[in-house]
Amino acid sequence: MVHVTGYRTPSWGASAMLTTLRSPLAGRLARRITELRYLGRRSGRPIALPVAYVRHGDRVLVRVGRAATKTWWRNFSDPAPMSVWIDQRWMTGTGRVLFPGHTDYAATWELYRTGFPQTPAEGTDPLVVMTLDEAVDAAPAASAVGRRLWRRWFALVTVGELLGFAVPAVAGVAAARTTTLLAAAALLVAGAAEGAILGWFQGHVLASVIPGLARRDWILATMLGAVVAWSLGMVPMLTNGLAGWPPLLVVPAIAAGAAVMVSAMGTAQWLVLRRHLTDAGGWIAATAVAWLAGLTVLTAVTTPLWQPGQPAALTVAIGVLGGLAMAATMAAFTGTFLVWLLRAQPHPASIDMG
-8 MVHVTGYRTP SWGASAMLTT LRSPLAGRLA RRITELRYLG RRSGRPIALP VAYVRHGDRV
52 LVRVGRAATK TWWRNFSDPA PMSVWIDQRW MTGTGRVLFP GHTDYAATWE LYRTGFPQTP
112 AEGTDPLVVM TLDEAVDAAP AASAVGRRLW RRWFALVTVG ELLGFAVPAV AGVAAARTTT
172 LLAAAALLVA GAAEGAILGW FQGHVLASVI PGLARRDWIL ATMLGAVVAW SLGMVPMLTN
232 GLAGWPPLLV VPAIAAGAAV MVSAMGTAQW LVLRRHLTDA GGWIAATAVA WLAGLTVLTA
292 VTTPLWQPGQ PAALTVAIGV LGGLAMAATM AAFTGTFLVW LLRAQPHPAS IDMG
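Shown next, in the form of C-alpha cells:
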C-alpha cells in the first residue's frame, strides 16, 4: 500500500495516477476517470484508487475488470459508503456490487456502455453501483467552487503583493543616495513590510477556507520568509559578491543562493500550513516555482524600461508595473496549487472551498 494524502492506494501506479488526476489540467481532460475513496470493511483503513466511471442521474457506475485479480470491490458486497470526485467536487453515496445474473444487471450494463461504447455488449464483469446521496445535487455547480477560490486568491494576492512590493520599490529609490549600510537596512525593513502585507492578504483567504488557521501566524511566517529572502539578496550589495571566487564555485553558489531565496517564504509558510493540511510540503516547491516565474517576469518587464538618469517617479512607476506583473504571476501559480492541495485532502468535508 502507498500513502497518498492520508489515504492508501493499491500500488505506486495508482498513486501516480491519482497525483496526475488531482492537477487542475488533468482533472478537466480525464472526463471518465476519477478518484474513488472508501474505508476498508475489515481494516477500517481509508483507501483511494483511480477508476473509470459513468454517471447516470443519481448513480455512478464502475466496471470491475479482471475482478479475480482485485479485492477492493468486495468491500461493497454489502452496501457501504463511498465518495467520488466528479464535476470538481466530492460526491458521497452508497456503493454495492451488482453481479451478472442480477435482475438489474443487464440494464445497468447498457447504461455503462453509453460512456464506453467499446465495452462488450454482454457483460461478464461485476459492476459497483454508487447511489448518490440526495443532498448532492444541492451542492455548488460543477467546478465553480475551485474556480471561485482560485479567482479570489488571485485577485487578493495580486493586490497584496503589489502593495507589498511597492514598499521596497519606494524604499530603494529613497535610499539610493544614502550609505550602503543604511540602504540595506531600509530594504530589509521594507522587505519585512512586504511580507506582512502579502501575508495579510493571503491569510485572509486561507483563514476563510482552512478551519483553525490563525492569520497572525501566517503573517509572521510570511514576514520571516521575506526577511530571509531579502537578506540573501543584499549579500552582494554588502560584500564584494563572488569576486575572487574560483570559477567552478560561482555557478553552484549562485544556484544555491537563488534556491534558498525563492524557497524561504514557502518554507516558513509550510511550518504553519502543515498543522492543518496533509502533505503540505509541496507548498515549498510550488511557491519556489511561483516566485522564480514571478521574478523572471519582473526582470523581463523592468530591465528594458529602467534607464540611468530617469526621474524618481518614473523609476518607481516602472517598478510598480513590474511588481504587478510579478504579483499576478506568483498569485496564479500559488492559487492553482492551493486548489490542488485542498482538493487532495483526506477529509475534504472539513475544508470550505467557498
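Numbering-wise (our numbering), the sequence shown opens with residue -8 and increments by one. C-beta atoms are modelled at their ideal positions from N, C-alpha and C, and glycine is treated no differently. These numbers were taken from a predicted model, which means no experiment stands behind them.
To the nearest angstrom, report how far apart G92 and G114 are at their CA atoms. For this step, residue 92 is matched to residue 101 along the sequence shown. For this step, residue 114 is matched to residue 123 along the sequence shown. Within the model, the alpha-carbon separation for G92 versus G114 is close to 10 Å.
Out of G285, F328, A166, which one is the CA nearest neighbour of L178? Within the sequence shown, the letter at position 187 stands for residue 178. Comparing Cα positions, the closest option is A166.
Let me check one thing: in DSSP terms, what residues is R50 bridge-paired to? The sequence position of residue 50 within the sequence shown is 59, counting from 1. DSSP, once it has assigned bridges, lists H47, T122 as partnering R50.
Under the three-state reduction of DSSP, which class applies to V42: helix, strand or coil? The sequence position of residue 42 within the sequence shown is 51, counting from 1. Three-state DSSP puts V42 in a strand.
With a threshold of 16 other CB atoms inside 10 Å of the CB of T278, please say whether the residue is buried or exposed. Translated into positions along the sequence shown, residue 278 becomes position 287. Of the other Cβ atoms in all chains shown, 16 or more fall within 10 Å of the Cβ of T278; this residue is therefore buried.
For the alpha helix (DSSP H) containing I210, name the first residue and the last one. Counting from 1 along the sequence shown, the entry for residue 210 is found at position 219. In the DSSP annotation of this structure, the continuous segment of the alpha helix (DSSP H) that includes I210 starts and ends at 206 to 224.
My understanding is that F145 touches A316, with C-beta atoms under 8 Å, so please give their C-beta distance in whole angstroms. The count along the sequence shown starts at 1 and reaches residue 145 at position 154. The count along the sequence shown starts at 1 and reaches residue 316 at position 325. Actually they do not touch by this definition, with Cβ atoms about 14 Å apart.
Can you list, in chain order, the residues of its chain with a C-beta nearer than 8 Å to that of V127? Leave out the 5 residues immediately preceding and following it. Reading the sequence shown from its first residue, position 136 is the one you call residue 127. Only weak support exists for where V127 lies, its pLDDT of 49 falling under 50; the value from the coordinates is given anyway. Excluding sequence neighbours, V127 sits near D49, M82, T83, G84.
On the criterion of 16 or more Cβ atoms from any shown chain inside 10 Å, does T170 qualify as buried, or is it exposed? The count along the sequence shown starts at 1 and reaches residue 170 at position 179. Exposed: under 16 other Cβ atoms inside 10 Å.
Looking at the structure shown, is G84 part of a helix, part of a strand, or coil, going by DSSP? Start at 1 with the first residue of the sequence shown, and residue 84 comes out as number 93. Correct three-state label for G84: strand.
Selected residue, minimal CA-CA separation from A319, among W331, L289, Q336: Stepping through the sequence shown from its first residue, residue 319 is reached at position 328. Of the candidates W331, L289, Q336, the one whose C-alpha sits nearest the C-alpha of A319 is L289.
Quick check on P41: buried or exposed, where buried means 16 or more other Cβ atoms within 10 Å of its Cβ? Translated into positions along the sequence shown, residue 41 becomes position 50. Classification of P41: buried, given that the 10 Å Cβ count is 16 or more.
Whose C-alpha, out of A175, E125, Q260, A247, is nearest the C-alpha of G186? As a working note, residue 186 is residue 195 in the sequence shown. It is Q260 whose Cα lies nearest to the Cα of G186.
In this structure, does DSSP put A71 in helix, strand or coil? Locating residue 71 in the sequence shown gives position 80, where the first residue counts as 1. In the structure shown, A71 sits in a strand (DSSP, three-state: E or B).
Just mark A59 as buried or exposed, buried being the case when its beta carbon has 16 or more other beta carbons within 10 Å. Along the sequence shown, one-based indexing puts residue 59 at 68. Flag for A59 reads exposed.
Just checking, does the stretch 208 to 227 make contact with the stretch 256 to 275 on the three C-beta pairs under 8 Å criterion? Taking a cut-off of 8 Å on C-beta distances, the stretch 208 to 227 touches the stretch 256 to 275, as three or more cross pairs fall below it.
So, for S74: in the same chain, excluding its five sequence neighbours on each side, which residues have a beta-carbon less than 6 Å away from its beta-carbon? Taking the first residue of the sequence shown as 1, we reach residue 74 at position 83. Same-chain partners within the cutoff: R28, W81, T83.
How far does the alpha helix (DSSP H) with R104 in it reach, from first residue to last? Residue numbering aside, residue 104 sits at position 113 when the sequence shown is read from its first letter. For R104, the uninterrupted alpha helix (DSSP H) segment begins and ends at 96 to 106.
Would you call R33 buried or exposed, if buried means 16 or more other Cβ atoms sit within 10 Å of its Cβ? The residue labelled residue 33 in the question sits at position 42 within the sequence shown. Around the CB of R33, fewer than 16 other CB atoms lie within 10 Å, so the residue is classed as exposed.
From this set, R142, M8, A250, L123, which residue's C-alpha is nearest H47's C-alpha? Position 56 of the sequence shown, counted from the first residue, corresponds to residue 47. Comparing C-alpha distances from H47 to each of R142, M8, A250, L123 shows the shortest one belongs to L123.
Taking 8 Å as the cut-off, does the stretch 97 to 110 touch the stretch 148 to 158 (at least 3 CB pairs, one atom from each stretch)? No: fewer than three Cβ pairs fall under 8 Å.
First and last residue of the uninterrupted beta strand (DSSP E) at R351: Lying before the first or after the last residue shown, residue 351 is absent from the chain, which here runs from -8 to 345.
Residues in its own chain within less than 6 Å of A129 by CB, not counting five upstream and five downstream? Within the sequence shown, numbered from 1, the residue matching residue 129 stands at position 138. Below a pLDDT of 50, predicted positions are generally treated as unreliable, and A129, at 44, falls in that range; the measurement from the model is reported next regardless. Taken in chain order, the list of residues that qualify is empty.
Which word fits Q298, buried or exposed, when buried means at least 16 other C-beta atoms lie within 10 angstroms of its C-beta? Locating residue 298 in the sequence shown gives position 307, where the first residue counts as 1. With fewer than 16 other CB atoms across the displayed protein chains lying within 10 angstroms of its CB, Q298 is exposed.
Do I24 and P1 have their beta-carbon atoms positioned less than 9 Å apart in this structure? Indexing the sequence shown from 1 puts residue 1 at position 10. Indexing the sequence shown from 1 puts residue 24 at position 33. No, the pair does not count as a contact, with Cβ atoms beyond the cut-off.
Is it buried or exposed for T293, if we count other Cβ within 10 angstroms and need 16 for buried? Here the question's residue 293 lines up with position 302 in the sequence shown. Buried, because 16 or more other Cβ atoms sit within 10 Å of the Cβ of T293.
From I201, G182, V55, A249, pick the residue whose C-alpha is nearest to that of R334; which is it? Locating residue 334 in the sequence shown gives position 343, counting from the first residue. The option with the nearest alpha carbon to R334 is I201.
Do S68 and V51 have their C-beta atoms within less than 9 Å of each other? Counted from its first residue, the sequence shown places residue 68 at position 77. Counted from its first residue, the sequence shown places residue 51 at position 60. No, the Cβ-Cβ distance between S68 and V51 is not below 9 Å.
Return the first residue and the last residue of the beta strand (DSSP E) that E26 is part of. Translated into the one-based positions of the sequence shown, residue 26 becomes position 35. Its beta strand (DSSP E) spans residues 24 to 30.
Where the alpha helix (DSSP H) through R334 begins and ends: As a first step, residue 334 is located in the sequence shown; it is residue number 343 there, counting from the start. Annotation: the continuous alpha helix (DSSP H) that includes R334 extends over 303 to 334.
Opening and closing residue of the alpha helix (DSSP H) in which T290 lies: Along the sequence shown, one-based indexing puts residue 290 at 299. That run of the alpha helix (DSSP H) goes 273 to 293.
Return helix, strand or coil for W76, following the three-state DSSP convention. In the sequence shown, residue 76 corresponds to position 85, counting from 1. W76: strand per DSSP, three-state reduction.
State yes or no: is the C-beta of V148 within less than 9 Å of the C-beta of Y103? Working through the sequence shown from its first residue, we reach residue 148 at position 157. Working through the sequence shown from its first residue, we reach residue 103 at position 112. The answer is no: Cβ separation not under 9 Å.
Which residue's Cα is closest to the Cα of G31: V164, W3, T213, Y(-2)? Your numbering for residue 31 matches position 40 in the sequence shown. Comparing Cα-Cα distances from G31 to each of V164, W3, T213, Y(-2), the minimum goes to Y(-2).
With C-beta atoms as the reference, is W141 less than 9 Å away from L296? Residue numbering aside, residue 141 sits at position 150 when the sequence shown is read from its first letter. Residue numbering aside, residue 296 sits at position 305 when the sequence shown is read from its first letter. No, Cβ-Cβ distance for W141 and L296 is not below 9 Å.
Among D95, A271, T269, R138, whose alpha-carbon lies nearest the alpha-carbon of V119? Counted from its first residue, the sequence shown places residue 119 at position 128. Of the candidates D95, A271, T269, R138, the one whose C-alpha sits nearest the C-alpha of V119 is D95.
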